[in-house]
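Asker: Pasting a structure below so you can have a look.
Number of protein chains: 2
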Amino acid sequence: MTSNNSKNSFVGCEFTLYPMSDNFVDIILSALDEVDTSTVWMETDDVSTCIRGKMVHVYDITQAIFLHAAKTGKHVAMSGTFGVGCPCDTTDDVFLSEEDEPKNISKIKEINQKAGCKFALYPMGEKDYIEKIQEQVNLSKHRGVEVSPTHYATRLDGDVKDIFKTLHESFDQVQQAVSHVTMTFTISANSPSNQ
Amino acid sequence: MTSNNSKNSFVGCEFTLYPMSDNFVDIILSALDEVDTSTVWMETDDVSTCIRGKMVHVYDITQAIFLHAAKTGKHVAMSGTFGVGCPCDTTDDVFLSEEDEPKNISKIKEINQKAGCKFALYPMGEKDYIEKIQEQVNLSKHRGVEVSPTHYATRLDGDVKDIFKTLHESFDQVQQAVSHVTMTFTISANSPSNQ
């Protein structure tokens, strides 16, 4: 890891999977069991899970965990924060796999799952952060997901894979321009409000 | 609302309550039923709930909703984002109650509930944002909650009322110094990991 690249060399995500079911433990453990997490550092406690590694794997794994839980048909949500380049961060607790290909694509290929998602981008330490956010929100309109404004966030509706692609690309684009970027997201599937 | 004060005149919170139970709908509706939300503007969709009003009421209501859900004994979590002073925000969808006293204190007084919480403060548009965060994280050590560092967040453990007091005071202190501030949080109670 060179100092020039270190700000963007790894991405983290702190997230929690929420199955609204008495069987929440089984749903979480079964989803984790189906997902290849060998490409990142990972730690779970009673509040959340943290993964740290290459950006491609962080998005691949969060998407796969959500999809394997949602395919149970239960109302499932995931809330979390993606982060990159925090100047206070260390390079401890990171695994940078040599692998560049996402490992979970083949197992989720057949899962078609609609969801609603709200996300917000926070480019840190920049006076013109609003412009950096707006450039990305405009871009999201071209990715096969329905985009709508809400207070404090942008809403995306569509297939889960299209939603995660939008999150990933928006985050990637902003972090190329700004060293420290945070993105919050909440994604929800199978809500009885939609049935 | 004068233009001088408008940046701090109302606070919003976008949050979701997650009861890990087959009875999640009942738990959410019962909690809402016990909480006086008349002091804020409020809207719920299938992904999250947004409330906007005076800071004191926004913290009072989120705390009360979480406590009334957690007292069922079910594993319950809440994730969300508090925000103030976004330069893109409007004063639409806000209710500024004339009331200054939190309305839900008496009904939660008897609820003693332990929880774990992770939160992160994001002062926007400031080059010295790291210092602004660290000042607050140091302060939290004096509020009767156990404070520990984690990746991307600070962890608080203790009674739910002490945790919300810490969140509220930290947010308030930073927003007095920085016009646009965001705070993410995830709070979790009755997790089987702790039993």
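Protein chains in written order, with the working numbering: chain A, 53 to 247; chain B, 53 to 247.
Beta carbons are placed, not taken as given, at the ideal position from N, Cα and C, and that holds for glycine.
Note that this is a predicted model, so its numbers are computed, not measured.
Is it true that the CB of A/F147 sits closer than 9 Å to the CB of A/G177?
Answerer: Indexing the first sequence from 1 puts residue 177 of chain A at position 125. Indexing the first sequence from 1 puts residue 147 of chain A at position 95. Not a contact, by the Cβ cut-off of 9 Å.
Asker: Residues of chain A with CB closer than 9 Å to the CB of B/D214, please, in chain order.
Answerer: Looking up residue 214 of chain B in the second sequence gives position 162. Ordered by position in chain A, no residue passes the 9 Å Cβ test against B/D214, which lies about 16 Å from the chain.
Asker: Counting only beta-carbon atoms, is B/H109 nearer than 9 Å to chain A?
Answerer: Here residue 109 of chain B refers to the residue found at position 57 when the second sequence is read from its first residue. Answer no: the Cβ-Cβ gap between B/H109 and chain A never drops below 9 Å.
Asker: When the Cα atoms are used, what is the spatial distance from A/E162 to B/T234?
Answerer: Locating residue 162 of chain A in the first sequence gives position 110, counting from the first residue. Locating residue 234 of chain B in the second sequence gives position 182, counting from the first residue. Their Cα atoms are separated by approximately 38 Å.
Asker: Given this structure, state the Cα-to-Cα distance separating B/P175 from B/G137, to the nearest angstrom.
Answerer: In the second sequence, the residue the question calls residue 175 of chain B occupies position 123. In the second sequence, the residue the question calls residue 137 of chain B occupies position 85. If I take the Cα positions, the gap works out to 10 Å.
Asker: In the DSSP assignment, find the unbroken alpha helix (DSSP H) run with B/E86 in it and report its ends.
Answerer: Position 34 of the second sequence, counted from the first residue, corresponds to residue 86 of chain B. Start and end: 76–86.
Asker: Can you look up B/F223 in the DSSP assignment and give me helix, strand or coil?
Answerer: Here the question's residue 223 of chain B lines up with position 171 in the second sequence. Reduced to three states, the DSSP call for B/F223 is helix.
Asker: In terms of DSSP beta bridges, what is A/L208 paired with?
Answerer: Walking along the first sequence from the start, residue 208 of chain A turns up at place 156. In DSSP, A/L208 forms a bridge with A/C169, A/V199.
Asker: Classify A/I163 as helix, strand or coil using the three-state DSSP reduction.
Answerer: On the first sequence, residue 163 of chain A is found 111 positions in, with the first residue counted as 1. In this structure, A/I163 counts as coil in the three-state DSSP scheme.
Asker: Between which two residues does the beta strand (DSSP E) carrying B/V92 extend?
Answerer: The count along the second sequence starts at 1 and reaches residue 92 of chain B at position 40. It spans 92–96 - the beta strand (DSSP E) in which B/V92 sits, taken as one unbroken run.
Asker: Does DSSP put A/T89 in a helix, in a strand, or in coil?
Answerer: Taking the first residue of the first sequence as 1, we reach residue 89 of chain A at position 37. Of the three classes helix, strand and coil, the one that applies to A/T89 here is coil, per DSSP.
Asker: Would you verify that the beta carbon of B/T89 is, or is not, closer than 9 Å to some beta carbon of chain A?
Answerer: Sequence index remark: in the second sequence, residue 89 of chain B carries index 37 (1-based). Not closer than 9 Å to any Cβ of chain A, the Cβ of B/T89 fails to qualify, so no.
Asker: Give the range of the alpha helix (DSSP H) segment to which B/M235 is assigned.
Answerer: By 1-based counting over the second sequence, the position of residue 235 of chain B is 183. Per DSSP, B/M235 belongs to no alpha helix (DSSP H); it is in the beta strand (DSSP E), 233–241.
Asker: Looking at B/F62: is its Cβ nearer than 9 Å to the Cβ of B/T143?
Answerer: In the second sequence, counting from the first residue as 1, residue 62 of chain B sits at position 10. In the second sequence, counting from the first residue as 1, residue 143 of chain B sits at position 91. Yes; because the gap between Cβ atoms is below 9 Å, this pair is in contact.
Asker: Find the residues of chain B that neighbour A/I182, judging by a C-beta separation of less than 7 Å, and give them in chain order.
Answerer: On the first sequence, position 130 is the one that residue 182 of chain A refers to. Simply P139, C140.
Asker: Going by the CB atoms, is the gap between A/N156 and A/I113 shorter than 9 Å?
Answerer: Translated into the one-based positions of the first sequence, residue 113 of chain A becomes position 61. Translated into the one-based positions of the first sequence, residue 156 of chain A becomes position 104. In contact: A/I113 and A/N156 (Cβ atoms closer than 9 Å).
Asker: Go ahead and pull the three-state DSSP assignment for A/V99.
Answerer: The residue given as residue 99 of chain A occupies position 47 in the first sequence. Looking at A/V99 - three-state DSSP - the assignment turns out to be coil, as it is neither helix nor strand.
Asker: Kindly indicate the opening and closing residues of the alpha helix (DSSP H) around B/M130.
Answerer: Looking up residue 130 of chain B in the second sequence gives position 78. Not the alpha helix (DSSP H): B/M130 falls in the beta strand (DSSP E), residues 128–136.
Asker: Hey, quick one: how far does the beta strand (DSSP E) through B/V110 stretch, first residue to last?
Answerer: Taking the second sequence and counting its residues from 1, one reaches residue 110 of chain B at position 58. Taken as a continuous stretch (DSSP letters only), B/V110 belongs to no beta strand (DSSP E), being part of the alpha helix (DSSP H) at 107–122.
Asker: So, with DSSP's three-state summary, where would you put B/T142?
Answerer: For the purposes of this step, residue 142 of chain B is taken as residue 90 along the second sequence, with counting starting at 1. Looking at B/T142 - three-state DSSP - the assignment turns out to be coil, as it is neither helix nor strand.
Asker: Just list the residues that DSSP pairs B/Y70 with in beta bridges.
Answerer: On the second sequence, residue 70 of chain B is found 18 positions in, with the first residue counted as 1. Beta-bridge pairing links B/Y70 to B/A129.
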